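*Asks:* Here you go, one structure.
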Amino acid sequence: MINRRTFLKSSALALAAAPAILRADSPDASDQYTTALIGSGWWGATILTEVLALGRGKIIALCDPDPAQIDKCVAINSLGNLPLKRYTDYRELLDKEKPQIVINATPDHWHAQITIDSLRAGAHVYLEKPISHTILEGVAMVAAAAQANRVVQVDTHRRISPHNISAREFLRSGKAGKIGAIRAFVNYGGGPEKPTPNSAPPSNMDWDLYCGPAPLRPFNHKIHPKGFRNFLDYANGEIGDWGVHWFDQVLWIMDRQAPTTVFSSGGRPVRGPAINDGQSQTTDAPDHQAATFVFDGFTCTWEHREFGGNNAEKGENLGVYFFGTEGTFHLGWQSGWTFYPADSRKQTLHQDAQLHTPAAHNIRELYADFLDAIDKKRPPVCTIESGHRATTCALLAMLSLKLGRSIQWDAKSQTIPNDPEAQSLLKRNYRGPWKYPTV
């Protein structure tokens, strides 16, 4: 195992090789940016907690179509005495408050429209991943950020975590040898799913606005609050959630931008058929999924499973395995990283994670980098372009799953060549008055 001295030395080297990070106690951390949170649920409140810990955000407004979520956010962060405004509709917030920073912590189907509108209103954006619900939304978002000349930091915060930074240095130094295969995965327990009855939305909630450009489903407590990720109208299941973090790590560590071929399969053999019969609903995302991504020089696979949890996977039931000629490297979350040498005579190496409680993340450091990028007019650690590339990997897998066949991806043109059926799935129709964003 790595001892404390070696651990601190490797962490220092890794941080020195990383982009500049503004710490919370930096003497330069004095400017107050007027800040609005759009999407005030559990995760928005978590981000806001870290922003307040840094002390550089003047919180002026919270927005959510469900006022109860704003109430919870205020209570969590003890904001009751601040003269902040509350909004249901983000458009009214942008028009009246004109914040310098927008934190976009909404469900996935709202990421594109709110980010683009915020950029056009002159705000910098801290954006929750995945950046988009469909690929061409992401293309439009990248263009909008460039046109607005504003900083967009994507919340792929593992790029700033000390053990992820040192993992990248370890792998790029060649200590694991040539990497020929990579396996990214998330596996949890679970079982069959019973339909949940639909109900009226909370009395003060604007459910139509919550659904926005997505289909207007009947309200169901399985969707809101916190359940949207497993409803494909609003998100892209486990691969669109956890997968984006691990794909970002693969692209960042291996210095790649995109796969050339993607194939995915999966289904709901345990959870059962998806139900939306007007009376009740189940989720409709796959309960397991496997995907293969062909890159120049290596192959990356993804798997997730939401059933069959077992003791053998405890501690390493999620993360990325890098398989090299010198050994196998597991990069995890709370478990840190571990290198298992191919030579059994060599010692296993390990580095613990350094995460903030209670959320067990490094959002504080990432948000500090975001502010420093604004101050110094430089790219942030997690750019909109890198977020788009990681998101695209997940969305291509979902597209292949829907088609039931492999697809070829041209990253330069952002197209699926010679495949009109697949190309048509790079976007979807928006509902009602909402217009799909274009470049």
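Okay, so the sequence shown: first residue is 595 according to this note's numbering, each after it adds one.
The beta carbon of each residue, even a glycine, is placed where N, CA and C say it ideally should be.
Keep in mind the model is a prediction, meaning the values are calculated, not measured.
#1: Is DSSP giving residue 691 helix, strand or coil here?
#2: So, helix, strand or coil for residue 684, using DSSP?
#3: Contact defined as beta carbons within less than 8 Å: I believe residue 753 pairs with residue 845. What is the distance between those atoms, to the nearest angstrom?
#4: What separation, rounded to the nearest whole angstrom, lies between the Cα atoms of residue 652 and residue 965?
#5: When the Cα atoms are used, what is the spatial distance from residue 1012 to residue 998?
#6: Compare the Cα-Cα distances from residue 1006 to each of 852, 1028, 768, 910 and report the closest residue.
#7: To which residues of the same chain is residue 841 closer than 6 Å at the C-beta, ignoring the five residues directly before and after it?
#8: DSSP three-state call for residue 1042: helix, strand or coil?
#9: Going along the chain, which residues of its own chain have a beta-carbon closer than 6 Å to the beta-carbon of residue 709, five neighbours each way excluded?
#10: Using a 10 Å radius around the Cβ and a threshold of 16 neighbouring Cβ atoms, would you call residue 1028 buried or exposed?
#11: For the alpha helix (DSSP H) containing residue 964, name the first residue and the last one.
#12: Where residue 805 and residue 659 are concerned, what is the direct C-alpha to C-alpha distance, given to the nearest angstrom?
#13: When you compare only the Cα positions, how much space is there between residue 992 and residue 747?
#14: Checking 9 Å against the spacing of the C-beta atoms, do residue 808 and residue 1025 come in under that value?
#15: Is there contact between the region 771–780 and the region 904–922, where contact requires at least three CB pairs shorter than 8 Å?
#16: If we count the other Cβ atoms within 10 Å of its Cβ and call it buried at 16 or more, is residue 899 buried or exposed?
#17: Can you tell me which residues form a DSSP beta bridge with residue 898?
#18: Here's a check: name, in chain order, each residue in its chain whose Cβ is nearer than 8 Å to the Cβ of residue 877, leaving out the five neighbours to either side.
#19: Pairing CB atoms from the region 880–893 with CB atoms from the region 725–732, are three or more of them under 8 Å?
#20: Whole angstroms is fine: what's the gap from residue 879's alpha carbon to residue 717's?
#21: Can you confirm whether the region 791–806 touches the region 944–961 when touching is taken to mean that 3 or more C-beta pairs between the two stretches lie within less than 8 Å?
#22: Helix, strand or coil: which one does DSSP assign to residue 1014?
#23: Below 8 Å on the Cβ atoms is my guess for residue 897 versus residue 884; work out the distance and round it to an integer in Å.
#24: Cβ of residue 1031 within 9 Å of Cβ of residue 707?
#25: Would you check if the region 957–972 and the region 759–771 touch, i.e. whether three or more CB-CB distances between them fall below 8 Å?
#26: Going by DSSP, what residues sit across from residue 948 in a beta bridge?
#27: Tell me whether residue 693 is buried or exposed, calling it buried when 16 or more other Cβ atoms sit within 10 Å of its Cβ.
#28: Give the single residue among 954, 856, 959, 979 whose Cα lies nearest to the Cα of residue 1016.
#29: Using a 10 Å radius around the Cβ and a threshold of 16 neighbouring Cβ atoms, would you call residue 1033 buried or exposed?
#30: In this structure, what does DSSP give as the bridge partners for residue 914?
#31: Please give the ranges of any beta strand (DSSP E) in the region 631–676, keeping only runs that are unbroken, at least 3 residues long and fully inside the region.
*Replies:* If we stick to the structure as given:
#1: Against the sequence shown, residue 691 aligns to sequence position 97. DSSP places residue 691 in helix when its eight states are reduced to three.
#2: The residue you call residue 684 lines up with position 90 of the sequence shown. In this structure, residue 684 counts as helix in the three-state DSSP scheme.
#3: As a first step, residue 753 is located in the sequence shown; it is residue number 159 there, counting from the start. As a first step, residue 845 is located in the sequence shown; it is residue number 251 there, counting from the start. Not really, about 10 Å apart at Cβ, beyond 8 Å.
#4: Counted from its first residue, the sequence shown places residue 652 at position 58. Counted from its first residue, the sequence shown places residue 965 at position 371. Using only the alpha carbons, I get a separation of about 13 Å.
#5: In the sequence shown, residue 1012 corresponds to position 418, counting from 1. In the sequence shown, residue 998 corresponds to position 404, counting from 1. Rounded to the nearest angstrom, the two C-alpha atoms are 17 Å apart.
#6: Along the sequence shown, one-based indexing puts residue 1006 at 412. The candidate whose alpha carbon is nearest that of residue 1006 is 852.
#7: Stepping through the sequence shown from its first residue, residue 841 is reached at position 247. Residues 984, 987 of the same chain have their beta carbon placed closer than 6 Å to that of residue 841, with the five preceding and five following residues left out of the count.
#8: With the chain represented from 595 up to 1033, any question about residue 1042 goes unanswered, as that position is not in the structure.
#9: Position 115 of the sequence shown, counted from the first residue, corresponds to residue 709. If we look at residue 709 and ignore the five residues flanking it on each side, its Cβ neighbours are 698, 719, 721, 735.
#10: For the purposes of this step, residue 1028 is taken as the residue at position 434 of the sequence shown. Exposed, by the Cβ-count rule.
#11: Within the sequence shown, residue 964 is the residue found at index 370, counting from 1. The continuous alpha helix (DSSP H) containing residue 964 extends over residues 957–970.
#12: Mapped onto the sequence shown, residue 805 falls at position 211. Mapped onto the sequence shown, residue 659 falls at position 65. Answer to the nearest angstrom: the Cα atoms are 10 Å apart.
#13: Taking the first residue of the sequence shown as position 1, residue 992 is located at position 398. Taking the first residue of the sequence shown as position 1, residue 747 is located at position 153. Answer to the nearest angstrom: the Cα atoms are 24 Å apart.
#14: As a first step, residue 808 must be located in the sequence shown, where it is residue number 214. As a first step, residue 1025 must be located in the sequence shown, where it is residue number 431. Yes, they are a contact pair.
#15: They touch, by the three-pair rule.
#16: Taking the first residue of the sequence shown as 1, we reach residue 899 at position 305. Result: buried.
#17: For the purposes of this step, residue 898 is identified with residue 304 of the sequence shown, where counting begins at 1. 780, 883.
#18: The residue labelled residue 877 in the question sits at position 283 within the sequence shown. Once the five neighbours on either side are set aside, the close Cβ partners of residue 877 are 787, 816, 821, 824, 825, 865, 868.
#19: The region 880–893 vs the region 725–732: no contact.
#20: Here residue 879 corresponds to residue number 285 of the sequence shown, with the count starting at 1. Here residue 717 corresponds to residue number 123 of the sequence shown, with the count starting at 1. Answer to the nearest angstrom: the Cα atoms are 33 Å apart.
#21: Touching, no.
#22: Here residue 1014 is taken as the residue at index 420 of the sequence shown, counted from 1. In the structure shown, the three-state DSSP call for residue 1014 is helix.
#23: Stepping through the sequence shown from its first residue, residue 897 is reached at position 303. Stepping through the sequence shown from its first residue, residue 884 is reached at position 290. Beta-carbon to beta-carbon, residue 897 and residue 884 are separated by about 5 Å, close enough to satisfy the 8 Å threshold.
#24: One-based indexing of the sequence shown puts residue 1031 at position 437. One-based indexing of the sequence shown puts residue 707 at position 113. Closer than 9 Å, so yes.
#25: Result no; under three Cβ-Cβ pairs closer than 8 Å.
#26: Translated into the one-based positions of the sequence shown, residue 948 becomes position 354. According to DSSP, residue 948 bridges with nothing at all.
#27: Against the sequence shown, residue 693 aligns to sequence position 99. Taking a 10 Å sphere around the C-beta of residue 693, we find 16 or more other C-beta atoms and assign the residue as buried.
#28: Taking the first residue of the sequence shown as position 1, residue 1016 is located at position 422. Closest by C-alpha distance to residue 1016, out of 954, 856, 959, 979, is 856.
#29: Position 439 of the sequence shown, counted from the start, is the residue given in the question as residue 1033. Under the 10 Å beta carbon count, residue 1033 is surrounded by fewer than 16 other beta carbons and is classified as exposed.
#30: Counted from its first residue, the sequence shown places residue 914 at position 320. Residue 914 pairs with 778, 925.
#31: Qualifying beta strand (DSSP E) stretches, in chain order: 651–657.
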